[in-house]
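Novice:
Protein chains: 2
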Amino acid sequence: MDTTQRTDQQRSADRRRRELLEAADRVVLRDGPQASMNAIAAEAGITKPILYRHFGDKGGLYAALAKRHTDALLDSLRAALDAPADRRERVESTLDTYLAAIEARPQVYRFLMHPAEGGQGGDQGFDVGKHSAPLLRRMGEELAQVIEERLDLGPNSQQLARVWGHGIVGMMHAAGDWWLGERPCSRAELVRSLADLLWGRLAAAGDRIGGPGF
Amino acid sequence: MDTTQRTDQQRSADRRRRELLEAADRVVLRDGPQASMNAIAAEAGITKPILYRHFGDKGGLYAALAKRHTDALLDSLRAALDAPADRRERVESTLDTYLAAIEARPQVYRFLMHPAEGGQGGDQGFDVGKHSAPLLRRMGEELAQVIEERLDLGPNSQQLARVWGHGIVGMMHAAGDWWLGERPCSRAELVRSLADLLWGRLAAAGDRIGGPGF
DNA sequence: AAGATACTGTTACCGCAAGTAACACGCAGG
DNA sequence: CCTGCGTGTTACTTGCGGTAACAGTATCTT
Chain A
1 MDTTQRTDQQ RSADRRRREL LEAADRVVLR DGPQASMNAI AAEAGITKPI
51 LYRHFGDKGG LYAALAKRHT DALLDSLRAA LDAPADRRER VESTLDTYLA
101 AIEARPQVYR FLMHPAEGGQ GGDQGFDVGK HSAPLLRRMG EELAQVIEER
151 LDLGPNSQQL ARVWGHGIVG MMHAAGDWWL GERPCSRAEL VRSLADLLWG
201 RLAAAGDRIG GPGF
Chain B
1 MDTTQRTDQQ RSADRRRREL LEAADRVVLR DGPQASMNAI AAEAGITKPI
51 LYRHFGDKGG LYAALAKRHT DALLDSLRAA LDAPADRRER VESTLDTYLA
101 AIEARPQVYR FLMHPAEGGQ GGDQGFDVGK HSAPLLRRMG EELAQVIEER
151 LDLGPNSQQL ARVWGHGIVG MMHAAGDWWL GERPCSRAEL VRSLADLLWG
201 RLAAAGDRIG GPGF
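Residue numbers (full-length UniProt numbering), protein chains in the order written: chain A, 1 to 214; chain B, 1 to 214.
1) Which residue wins for smallest C-alpha separation from ALA144 (chain A), given the options B:GLU148, B:LEU143, B:GLY167 and B:ALA175?
2) At 4 residues or longer, what runs of the alpha helix (DSSP H) sit wholly inside the stretch 27–56 of chain B?
3) Check each residue of the stretch 179–193 of chain A: if its Cβ is closer than 7 Å to any Cβ of chain B, include it; give the result in chain order.
4) Kindly indicate the opening and closing residues of the alpha helix (DSSP H) around residue 227 (chain B).
5) Do you know how far the Cα of HIS166 (chain B) is from the Cα of ARG137 (chain B)?
6) When you compare only the Cα positions, how much space is there between ARG30 (chain A) and ILE46 (chain B)?
7) Could you give the DSSP three-state label for ASP86 (chain A): helix, strand or coil?
8) Taking CB distances under 9 Å as the criterion, tell me whether LEU153 (chain B) reaches chain A.
9) Examine the Cβ distances between the stretch 69–85 of chain B and the stretch 38–57 of chain B and report whether three or more of them are shorter than 8 Å.
10) Taking just the CA atoms, how far does ARG16 (chain A) sit from LEU139 (chain B)?
11) Tell me, please, whether the CB atom of MET172 (chain A) is closer than 9 Å to any CB atom in chain B?
12) Report yes or no: is there a C-beta of chain A within less than 9 Å of the C-beta of GLU149 (chain B)?
13) Using the Cα positions of ALA204 (chain A) and ARG88 (chain B), report the straight-line distance between them to the nearest angstrom.
14) Going by alpha carbons, who is nearest to LEU112 (chain B) out of B:GLY200, B:ILE168, B:LYS67 and B:CYS185?
15) Assuming LEU202 (chain B) and VAL146 (chain B) make a contact with CB atoms under 8 Å, what is their CB distance in whole Å?
16) Measure the Cβ-Cβ separation of LEU95 (chain A) and LEU194 (chain A) and say whether it is below 9 Å.
17) Which value, in whole angstroms, describes the spacing of the CA atoms of GLU141 (chain A) and SER93 (chain B)?
18) Say whether chain B places a C-beta atom closer than 9 Å to the C-beta of ASP207 (chain A).
19) ALA175 (chain A) versus chain B: which residues are under 7 Å apart at the beta carbon?
20) Please determine, among A:PRO134, A:TRP164, A:ASP196 and A:ALA85, the residue with the shortest C-alpha to C-alpha distance to PRO184 (chain B).
21) Say whether chain A places a C-beta atom closer than 9 Å to the C-beta of ALA41 (chain B).
22) Which word fits PRO155 (chain B), buried or exposed, when buried means at least 16 other C-beta atoms lie within 10 angstroms of its C-beta?
23) Mind checking whether ILE168 (chain B) and LEU135 (chain B) have CB atoms under 9 Å apart?
24) Judging by CA-CA distance, which residue of A:GLU22, A:ARG208 and A:HIS173 is the nearest neighbour of GLU148 (chain B)?
25) Using the C-alpha atoms, what's the distance from MET37 (chain B) back to ALA24 (chain B)?
26) Taking all protein chains shown into account, do 16 or more other C-beta atoms lie within 10 angstroms of the C-beta of ARG162 (chain B), making it buried, or fewer, making it exposed?
27) DSSP puts ASP196 (chain A) in a beta bridge; with which residues?
28) Just to confirm my understanding: we take TYR109 (chain A), look at its own chain, exclude 5 residues before and 5 after, and list those with CB closer than 6 Å. What are they?
29) Find the nearest neighbour of GLU43 (chain A) within the set A:GLY56, A:HIS54 and A:GLU22, judged by alpha-carbon distance.
30) Alpha carbon to alpha carbon, what distance is there between GLU182 (chain B) and GLY32 (chain A)?
31) Can you find the residues in the same chain that come closer than 7 Å, C-beta to C-beta, to LEU190 (chain A), ignoring five residues on each side of it along the sequence?
32) Following the continuous alpha helix (DSSP H) through residue 241 (chain B), name the residue where it begins and the one where it ends.
33) What are the partner residues of ASP207 (chain B), as DSSP defines its beta bridges?
34) To the nearest angstrom, how far is it from the Cα of TYR52 (chain B) to the Cα of VAL27 (chain B)?
35) Counting C-beta neighbours from all protein chains within 10 Å, is the total for ALA104 (chain A) 16 or more, i.e. buried, or is it exposed?
36) Label ALA41 (chain B) either buried or exposed according to how many other C-beta atoms from any shown protein chain fall within 10 Å of its C-beta, with 16 as the threshold for buried.
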């Protein structure tokens, strides 16, 4: 095997791949998640079989596309999570980073999380459902690791950390999704409310007059 | 308009509709979410156009199907939420009810939440992504209402309650989804861990030796 | 230099699922 | 008896994902 020669061709292939991914990105951002392979191929200036040669099938293309955005987001989150500050501040900063990301590029977010949502009746979209989980799972696992590394949770700390990691990520995700749709308050308020929830204000709140309390 | 005559025919139509929904249910449970309209029609012993006459399009059929299960689940959750017990107990009971439901009928759950996941490469499935949100949203709104009715949260209580409602539902959902896939612990342990999280144990936990704490 | 090799690209096709038009039976009421 | 109307059918169109089979072109081998 002639490695030096291979790298040459491989670099060309990689460049092509990146070009295709960028074209796909453009189409997905424009047409929503139901972008067809034909459309992507057209945008890239080539034809379908090439896409399939590079990505195997639609899922492959999607996976590659999702990985780019997912990795970028995870990097931001890691940075916020590792910043030198106290716990509450870190939590708020991480929440804010996530929410800022989905606020800045809602199209990307909707693509990653909610597959065939835009568009008319047609449902021939990307089945992101198959892949939205991986993003949440990865975030959950990362958070779990951070929690377990840094907090003293007594016995069974690993399991507890994982439950919490996935739970907190889910909380962030669901609240963010709802917020992005309705925009009922500012980002800062949302962050504060969620942090308050994690800080036990639910348990600490008093009962309302007249009932046995939630 | 002859109302008495109409009710007669309408009742027949409604019966048919219910039969079709049950057939669809069977197929979806058997074939997973990528069940085709042809397959459902065959199971119901009729042909495609009838399905379309009753439900408009695939999304309509799905919506009807989802509504059944969603309503049933929401009823159970309401019952748990309204039981006469103290707050912690109610929270745990509600969490447990939800988890028990998804544990008992994972097929239904996967259908409602994760569209084209089972099955081979083909992605011609129900695009539940378009409809999984409604379930979560409804749960979030219901919970928000209960929280706001019963807890004294000071000013802005409504907004806070909604954030918490959606956040808690998201936590429950994500943790449940992860748990259902990996089964890392018993249901009771999961319930307890989540309730602990809501009870502020994250904020209360001590730092692990060697680091500045999460 | 000449042929084998490998990569890139094309056209033309298959299979399959959603959704629809057009036609056919069964049963009320004038 | 004929006219509606609701229920059912067959047979079709459209559009997608995915795939053969073939054509140009540069590179490596002998």
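Every residue, glycine too, gets a C-beta built ideally from N, C-alpha and C.
Specialist: Once the coordinates are examined:
1) B:ALA175
2) 37–44 and 48–55
3) PRO184, CYS185, LEU190 and SER193
4) The displayed coordinates of chain B run from 1 to 214. Any statement about residue 227 (chain B) would go beyond what the structure contains.
5) 7 Å
6) 40 Å
7) coil
8) yes
9) no
10) It is Met, not Leu, that sits at residue 139 (chain B) in the sequence shown. The straight-line gap from Cα to Cα measures roughly 45 Å.
11) yes
12) yes
13) 11 Å
14) B:LYS67
15) Rounded, the Cβ-Cβ distance is 23 Å, inconsistent with contact.
16) yes
17) 26 Å
18) yes
19) VAL163, HIS166, GLY167 and GLY170
20) A:TRP164
21) no
22) exposed
23) no
24) A:ARG208
25) 9 Å
26) buried
27) Answer is none; ASP196 (chain A) lacks a bridge partner.
28) ILE102
29) A:GLU22
30) 32 Å
31) LEU99, ALA175 and TRP179
32) Given a span of 1 to 214 for chain B in the structure shown, any question on residue 241 (chain B) remains unanswerable.
33) A:LEU151
34) 17 Å
35) exposed
36) buried
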